[in-house]
Each structure stands twice: as C-alpha cells, then as structure tokens.
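One line per chain: the protein sequences are A, B, C and D, in this order. Taken in order, the first sequence gives residues 1 to 291; the numbers are from the working numbering. Taken in order, the second sequence gives residues 1001 to 1291; the numbers are from the working numbering. Taken in order, the third sequence gives residues 2001 to 2291; the numbers are from the working numbering. Taken in order, the fourth sequence gives residues 3001 to 3291; the numbers are from the working numbering. So the structure is just underneath, and the comments pick up after that.
Protein chains: 4
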Amino acid sequence: MSCQFRTDLAIETAEIFQESNELQGVRINKTIGKISGIEVTRVTVENEIGAQQLGKSIGEYITLDVPELDQSDLNYHREISQEIIEQLRLFAQNFYDKDILVAGLGNRKMAPDALGPMVVDNLFVTRHMMDYYGKETSMTKGMGCVSALAPGVMAQTGIETQEILKGAVKAIHPDLLIVIDALAARSVHRLNKTIQLTNTGIAPGAGVGNRRHGIDEQSMGVPVIAIGIPTVIDIASIVNDIFGDQIASVDVEMMNMFVTPKNIDEIVVQMSYTISEALNRICHPMGTSCI
Amino acid sequence: MSCQFRTDLAIETAEIFQESNELQGVRINKTIGKISGIEVTRVTVENEIGAQQLGKSIGEYITLDVPELDQSDLNYHREISQEIIEQLRLFAQNFYDKDILVAGLGNRKMAPDALGPMVVDNLFVTRHMMDYYGKETSMTKGMGCVSALAPGVMAQTGIETQEILKGAVKAIHPDLLIVIDALAARSVHRLNKTIQLTNTGIAPGAGVGNRRHGIDEQSMGVPVIAIGIPTVIDIASIVNDIFGDQIASVDVEMMNMFVTPKNIDEIVVQMSYTISEALNRICHPMGTSCI
Amino acid sequence: MSCQFRTDLAIETAEIFQESNELQGVRINKTIGKISGIEVTRVTVENEIGAQQLGKSIGEYITLDVPELDQSDLNYHREISQEIIEQLRLFAQNFYDKDILVAGLGNRKMAPDALGPMVVDNLFVTRHMMDYYGKETSMTKGMGCVSALAPGVMAQTGIETQEILKGAVKAIHPDLLIVIDALAARSVHRLNKTIQLTNTGIAPGAGVGNRRHGIDEQSMGVPVIAIGIPTVIDIASIVNDIFGDQIASVDVEMMNMFVTPKNIDEIVVQMSYTISEALNRICHPMGTSCI
Amino acid sequence: MSCQFRTDLAIETAEIFQESNELQGVRINKTIGKISGIEVTRVTVENEIGAQQLGKSIGEYITLDVPELDQSDLNYHREISQEIIEQLRLFAQNFYDKDILVAGLGNRKMAPDALGPMVVDNLFVTRHMMDYYGKETSMTKGMGCVSALAPGVMAQTGIETQEILKGAVKAIHPDLLIVIDALAARSVHRLNKTIQLTNTGIAPGAGVGNRRHGIDEQSMGVPVIAIGIPTVIDIASIVNDIFGDQIASVDVEMMNMFVTPKNIDEIVVQMSYTISEALNRICHPMGTSCI
C-alpha cells in the first residue's frame, strides 16, 4: 500500500501507516517543546523502503502542532517563532556565519499561496550590505548574510521555479537555501495549524502551485531547508475525509480547485510574521535592526 | 419545498424547480444576444409566492451564460462587455444623465472576493470633476457622473457594508447605486462562467462575505442594480453536486471554507476588466478618456 | 506676516515665528518623554490671533521628534508606540470604554500616501464582535470597540473624504474619530522623523491628497484626533529650503509634484506598525489577541 | 564637456550638446510615425567618442515623444502601442520565432518604480505551454515563446539585479532579453511623456533603483532590448532646471530623494498597459488569447 491522497505533510502519511503498524524504515518521535509547550513530531525517513512507503524523500520532517497558529495574537506568537528557531538548529547549528538565500515560493496575488512571498517581504536582507561594508563592521554588527527571492509561479513566469532557483544559486553561491512554501494538507484539522520543517527540500508536485521539479540538495547543489504550512486542501482529500474510501471519482473540473478558509488572507499575514521573525532572529542573532 | 442549497444565482434555484414543474410566480425567458451570441436567461420573480419558493426577492434576474468568461482574450472580451451594456439598459434607459455611485463589495486581499474592488479600481470616476468644472464643459464633455467606493468587508472594518453604504448614499445622494459583488454558486460548471444582473440588489447572507443585511432600494432609498459573478462554491454545495441528497452532515469547520480554482487570481483580474469596461462605456458614452 | 510655505506641521510654522519673537496666542512647551527619551513639543494655539498667525486651528498640536523613526528596528520601535500612547492620553483618558472609528486617509497604491490605509490594515477591529457577543464576554474580554475605514482618495472615489466620513459617522455614531494621514513637511530634516498628534482634526488643503474640506469636531459632530507623519515635501518648500526667499516662481507643472525618499515604501510599512501598535494597545488594554 | 546631470534619456543629453554644435560620433534623426503621428527621434551613438561625450553606450536610442502618454484614454492608447511595435522591429525583425525573456525591473511596492513589474503582470507568458504542448499545436497556435521575471530591487533581495538575470539567462537560454525599467529624466516636461527604446540595455547607475552593474549583451550573453519611461526626476536635476548653473551644492539627504507627480500611481498603471499590449501583440502576432 502506498499513500494515495494528496498531502505535503509527512506526518499525515506517517499517521495513516502507523495505525496499521505497517511502517518500515521510518521512525516517529514525539516531544513537547520545553518553553513553548508545542507538540513536536519528528518523522525520520531512514531508507528507500520508508521513502517509497511514505512517498517522501529520505531525511527529517519536523512537525509543530500549533492549534492557535491561525488565531491572532498581540505578541505575534513569539513563542512559536522561538520553537521554530530551536528546531531549525537541528538542521544547522550556525546560521549567522552562513551566506543564506531564502526563496519565498508561491503566488503573492493569491492569499493561500502567498505565505512564501510574504515571509520574504518581512525578511531583513543584508547580503548587499555585507558586499558593501563587510561583515562585523559598525554598519553590519551582529548581522548574518541573508538574500531573498520571491520568484513567482510558473503561470506568471513561464519558467519552472526550480530553473530560476538553480540560476540564482549558481550566480550567488549561497551556503544554504531556505525555501518557504504554502502546502496542501489532507485533513481540515491540520490546515493553518501545522508547521513542517524538513531538510529534504520541496518534492515535485507538492504545494499549492503543483511544482513539477523538486528543489533539494541534489538539484540545487547546496543544502536545502524547507519550511511549510498547509493552507489549502485538495478537493479529493476533503471528500475522502467525509466519506472514506467509498468514492469512485471526482469531477475533472474540480481537480483544479482547492479549499481554504474564508479568512485565509488574515491568517497568512500573521503566519508569515511568525516565520519571518524566526528567520530574522536566527540569522541576525545580535542584530538590533530589522524589518 | 424551498431551496436548501447555498447559491446566489436565481437561475440555479429556478432550474431546480423547473425540472419538477413546481414553479409558480416565476417566469423564465431565454434569448440569444444578437451581436454577442451569448445565452441570456431572464428570471422574473413576479410575486411573494415566487419569492418564497425561490428564496429570492421580487424583481428581475438576468443571467448571461458565458463559457469563455474565465478564458483570457486579446480583446478583453469586448463582446461580453457589450452584452452587459445591452442588458443593463433593461433596468435604466439612461445612465449618462444619472448621478451614479458604484460600490465594489468584497475583500481586495482575497482573490475570489476581490471582483468588486478591482472593478472599482478601473472605473473612470468623474463626480469630483462635475462638481469642479460642471457637466458638458470642455473638461467633462461626453462624461457621465460616476463616484465609486470599495468599502471593505466586516472583518476589516467592524461595520456592516449596508451601514457604510447607507451613510454614503445619504451624504452624496446618487440617483442610482450599482453594487458589484463576487457570488457563491452551487454548481462548479457555473463558476466564473455566469454573470448575473439584477434590480433587486444584494440579499442578506449572499456573497463570499456573507453579508447580514441586504442592500436594496428599500434599505438604500435609491434604486439598486447588482452585478455579480460566482467565483466560489460552498463546501456543502459541492458535496451535494457529487453525492446528491445522501449527505447527512458536513464538518462544522468546513462550513467556513470555500472552493475556488487555482488560477482564480488571473480569472478575477480579467473578469473585472469586462465589467469595468461595460460600466465605463455605458456611463460615459461619448467620453474619449478613460481608465 | 503669515506662513506662506506649505507644511502640515504646526511645529514648523511655530518655529519660524518663534525665531522672530512674533508669536502671539500660541504657547510652546518642550519636554522629554520619561521612558522613551523622545523630545515632545506641545504647541497650543490658544485663540484666533494665534490661529491666524500660524494658519492652524485652535487646539493642541503634540509633536514627537524621533530621529530613528525611519530606521528599521527588531522591536518595531516599541518605545515610540508607548510614547504615542502616553501623549494620546492627554486628549482622552479612556479609549477602552469608547466606540472608536479609525479612518486611514490616503491612497494605498502610493507608498508615501499609504500610511493611513496601512495602519488600518493592522488594526484589531472589534465593533462587529461587540455587536454580536456583547462587551466583556469570554470572546471580547479586555477589548475595546474599534471600527475602521480606508475611504480612498478623491481621484479614486470622486467623493470628498469629508463626505464619506460624515456619512459613516452618521451611520455608526462613534464616540471618537481618529484619523491617520500622511503629511507634507517643509523641511527635509523632519521627513519620516516627526509624529504629530492633534485634537483639531485635519485642516482643508492638508496632506498629500490635498483635501478640500476639513475633518474636525465641527464637521463630524464627534471629537476628532488626528495622527500624522510627514512623508513628502512640496517642490516649492524644498526649493525654499535651499535658496531662502530669493525664488520668484516655480514651474506650474512642478506644483503637482512631490519629493520623497527612494526607500519610502519600507519606511511607511514600518511607521504604520508603530502607529497601529499604539492604537491596538490603547484601545484593547487587556486584550490578548491582536493583529 | 561631458554631461553632469542625471538622466537616463539619451535624447536629453544629445539635445544639450546639439545646442552647442559640439556633438561628434552621434547622429540624430527625427521622423513622424506614419499612423500614430508620434515624433520619433533616433539617436545613434556611433563610436567611443560619441559614447564618452554622451555618457551612453554605443548603439541606438529611439525616443517616442508622446505628450498624451500620461493622460487616460478609453482605448488604452492603442496607437502608441502600435508605434512601439513599429520601432521595436528596427531591433529585431521577428519576435514570434524567438524564445524571449522579459524582465520587469524595479520595485512593485513603489508606484513610480513599478512600471517593469506591472508590465510583466500583464504579459501573456507561454514558455511553459511551449514546453508542455509544443509550438504551433492547437493550444499554442499563433503564440510566440515568452517568459517573464520581476526580480525585485536590491533592497528587497540583497542581490544585484544583474546577478539574478545572469542566473536566469544561463538557466533558460533565451534568444533575446527585453528589460522594462522606470527611468530618471532631467526635465519635468519629459516625465511620463517619453518612451525610450534601446538595443544597449540598461547602463550601470541608471533607473530609479540606481543599479550598480549594467544589463547588456556583454554581461548577459544574449541581445538585450531595453524599454523605459522616465517617471521620476532627481532633486539635483530639477533644481538645475529652475536655476541653471548657479547651484553649488544640494543637501546630501536630498540626494536620496526623487520627484514625481501626485497621480503617478494612475499614470503608471496606464503606461504599463501600453507597453504590455505592444509586447503581447509583437510576440503573439496571431494569438487570439491574451492577458
């Protein structure tokens, strides 16, 4: 059996297999964040058997379950940003010393797909300042080296996102690529309530934008960390959630549709702050200025 | 029997009743647009019996069936704009001599709900020029008197749209209020393929934004024409389209969700041009300048 | 002598007259904010003599001099927001118990004029929740009653901003109207470095948008507090800053132009947070949720 | 003598030299567009002498003088789009058979710098369709192969625009790069009234965004056509227009400022249509669909 329902979340497919005790080559480890109290699930795909079963690449998938993620908060969910930082350190100890390119994938004109571009809008980019002033000068004290792109989607550019990012990586040679993307979930209960961090990058066909080519260390030539939040559900998935396996087919026209909450515009604005704050603080640990 | 499924389109409810020959107090008349070739259906709700049966106010509902409405076009669907103009003339012979307020309802930050604000963005507003230069001067020759508002949605303003428009109408005393709104359809086959024109205004609870209070001649004190295009489907409706009457219940969380195509951002941009072109040309029949 | 140069800042005209010891009917009082260290100047126009001389209405004009206001900051200038709160309390002791309408004036499509709309975008509006749940319920605990409008500018609406706001105030009857507006300064050194708070509202002809009719307690029927930051300079003013009184005339075409920094888009985003944070915290003093 | 004032328009520097009969290595040729009636000036920088004198690279600079370019028009200035097409044919006979990458330079969040991104937003991109369906299939009949990028500005990305474009060109190998950019003019009378087409690309230091590295055939490895419209004036230039050579110095803070009309947001929206229409029609000569 392999997972037939569309989800970008490793935890969703892992849970299905776990119920039936079929899971091989995959380790699941749950902990509670010490300061944040957030439930953190680490799914490790150890080998090809696990990868095929789960339909996910070999590597780590860290999931933060945050029921209040889609709720507004006077403090912009600072404790969630802090937990993201804690977990990102499992992938790379030191962000401050690295030359980091952040790519905000997705379509900024479509609220549920705008998470990536909105994170990029609030990043404190410094690469040009490092070039101009040098590192650890009076102008750049405590700042890491961050550059950022929001390449748009194929319908806008006519170009695969992978191609644009490949070109950018070749041109500027970062040490690390961080990609931010809106994801598709299978369960409505995970929508805007789950953050997935992975060192496997973005798989082909994943995300709202249905990318055809993967964005990972192999294709990019540098390590890739992906940060994603599910903001939409595919029609097929949601119908399955209601009716189980009884469904034969869904209208073809519907396959090009997605489901999302009516206030997704407000939710995405807020979630994008939570992620950009985490990145700004982990990249510029002693920096005093930011936006 | 009364219609239990959520739709803002009179034609959808009328069709259900027509199949069962139950329709009373409602006349349906189909024609083909002479120049455009567009199928035009006129649903007339004649009395309270028809109104209660259909769940729609007494008045005229003109529906344009335009299969290519969601397709891009080098000429921006000029013939559709022309057909909108032809049909609007059934509601008011002369737009040029009227002081017209256009209200673009909906949330400009959410693509499927941004139809109204986007139409307003492309209107050629002239009311301030009429105040300053007077009508039929060298500066205003061939121009009608148009003002426009995009009041936002209740989640952004904390105010019912009806209240804001009531205040605006009292302050500036237009002869006619035209409201533009994104609608909810029941059938995926009508999504972004149907234009509804009505002289009954906007009913309570209609639209993506789920308005609580109606916007019509009674509440506004001036005649109201509403122009709408269905851009979303409610979850309950779409499940019904697939499974008929077998459904008992849908998850509460899903009731706050909607379904829309993945390229709704491009579709709405284009449909908004088609409507704004119609309004610009009917309001400023001899004007040479426009945006 | 009366002030001939275009500025919306009372402090700028006051300073000119102070130099020549000519100032009558106007009191100027400088203090340093206890916590923030910000220099605060209070200009009180006491009577008609002062009003005519300064070209400003009778009332209080509080100016915060904040050299770092246009600089980015990891903490979003929290201490400046706090000082705004302290100073706003001079105009009204209690914001929590009032029904407050906030109007973000200006054009959201033009960065230097978008301050008002951007503040409104980040306000936590609650009026509809008060209507629905009532005050001090489990859903609204610690929240004040806030509604918000971004009415757009006359070139977009064809309607005077004063007219739209008059209609809105009549429709929803707030206890207090707070208007946010981008201002024009005379000196380049005050641009994006000065916050003006006043209980006199917005004067005719002020702001980037050149309003024709004033927005004040007299025209609105409720108390009006205006919060403004200068983001542009008129051409005539800047030429004067360089050449003093030697200038005879400036090209007519230039009179419709303004001067603004090349990074005004980033500056306005950040300054709008500083103001929206102040308003969110003064209106919802014990609220835990916010955007 | 070499030109000391900031302008991106070859015609402005050429005119200064022409007055004093000093011009060497530069040919100027004026014609009137047959259909459009637009005055077209062709400045040919023939050799290094001309290049140094004018401060412009060797190549062709075609200037369209269009007094009504900043005025709104019911027909979206179709005749201007047509004249742009006529003139572009001097640089390349056939656009339909080429694989064309269009880069919209500039900052989409700043109205006077948003010309490039806005043109890109309205382009009909097809490269992904050619990859998928092939050329001259039923889905792609009459369409050329167009891809498009809006890379953002260095303050947003931390990366030189030249670097991003170099990477993109290497990744997708277009036959031709067309860059669209907002320019700086010296004279207020040319602002939003002049279109410059050149086969020399974008020079270092040009544009609102002050690029440090040039974008031309040499750096890109493919032919580059640049299309620009001046939307801003530098402070130094405008002061010079009023006072001639009498000025010694301008305040340093002012050097980071620009001058632009108060309605630049509306003007740029409209001018971007005029350019995108020209590109859509020249690239997809027989295509029937477009946005």
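Glycine included, each C-beta is placed from N, C-alpha and C at the ideal position.
Short CB-CB distance (under 8 Å) between residue i and chain A
{"i": "C/Phe2124", "result": "yes"}
{"i": "D/Thr3137", "result": "no"}
{"i": "D/His3128", "result": "yes"}
{"i": "D/Gly3167", "result": "yes"}
{"i": "C/Ser2072", "result": "yes"}
{"i": "D/Ala3150", "result": "yes"}
C-beta contact flag for residue i and residue j at 8 Å
{"i": "D/Leu3279", "j": "D/Val3224", "result": "no"}
{"i": "A/Ser36", "j": "A/Gln82", "result": "yes"}
{"i": "D/Leu3115", "j": "D/Ser3272", "result": "yes"}
{"i": "A/Ala226", "j": "A/Val268", "result": "no"}
{"i": "B/Met1254", "j": "B/Ile1235", "result": "yes"}
{"i": "A/Ile32", "j": "A/Glu39", "result": "yes"}
{"i": "D/Ile3062", "j": "D/Ala3051", "result": "no"}
{"i": "B/Ile1080", "j": "B/Val1043", "result": "no"}
{"i": "C/Gln2162", "j": "C/Ser2072", "result": "no"}
{"i": "A/Ile49", "j": "A/Ile282", "result": "no"}
{"i": "C/Tyr2096", "j": "C/Pro2285", "result": "yes"}
{"i": "D/Gln3053", "j": "D/Gln3024", "result": "yes"}
Chain B contact for residue i (CB, 8 Å cutoff)
{"i": "C/Val2043", "result": "no"}
Residue i (DSSP reduced to helix, strand or coil)
{"i": "D/Ala3014", "result": "helix"}
{"i": "C/Met2198", "result": "Looking at the sequence itself, residue 2198 of chain C is Thr, so the reference to Met does not match. C/Thr2198: strand per DSSP, three-state reduction."}
{"i": "B/Met1257", "result": "strand"}
{"i": "D/Ser3147", "result": "strand"}
{"i": "C/Thr2157", "result": "helix"}
{"i": "B/Ile1178", "result": "strand"}
{"i": "A/Val66", "result": "coil"}
{"i": "B/Val1125", "result": "coil"}
{"i": "C/Val2169", "result": "helix"}
{"i": "D/Thr3031", "result": "strand"}
{"i": "C/Lys2234", "result": "Strictly speaking, residue 2234 of chain C in this sequence is Asp, with Lys absent from that position. C/Asp2234: strand per DSSP, three-state reduction."}
{"i": "D/Arg3078", "result": "helix"}
{"i": "A/Val45", "result": "strand"}
{"i": "A/Met271", "result": "helix"}
Contact list for residue i against chain B, beta-carbon separation under 8 Å
{"i": "A/Asp265", "result": "Asn1107, Lys1109 and Met1110"}
{"i": "A/Thr260", "result": "Met1257, Phe1258 and Thr1260"}
Interface flag, residue i vs chain C, CB-CB below 8 Å
{"i": "D/Met3254", "result": "yes"}
{"i": "A/Ser219", "result": "no"}
{"i": "B/Met1154", "result": "yes"}
Listed by chain order, chain D residues near residue i by CB distance under 7 Å
{"i": "A/Ser147", "result": "Thr3157, Gly3158 and Ile3159"}
Minimum Cβ-Cβ distance from residue i to chain D less than 8 Å
{"i": "C/Val2224", "result": "no"}
{"i": "C/Ile2235", "result": "yes"}
Amino acids of chain B, ordered along the chain, whose beta-carbon sits closer than 9 Å to that of residue i
{"i": "A/Val188", "result": "Asp1251, Glu1253, Met1254 and Met1257"}
Listed by chain order, chain C residues near residue i by CB distance under 9 Å
{"i": "B/Glu1277", "result": "What B/Glu1277 touches in chain C: nothing, since even the nearest Cβ is about 18 Å away."}
Closer than 7 Å at the beta carbon, the chain A residues around residue i
{"i": "D/Ile3172", "result": "Ile159 and Glu163"}
Neighbour flag for residue i against chain F, beta carbons, 8 Å
{"i": "A/Glu253", "result": "Protein chains in the displayed structure are A, B, C and D, and chain F is not among them."}
Any contact of the segment 1142 to 1159 of chain B with the segment 2144 to 2163 of chain C, i.e. 3+ C-beta pairs under 8 Å?
yes
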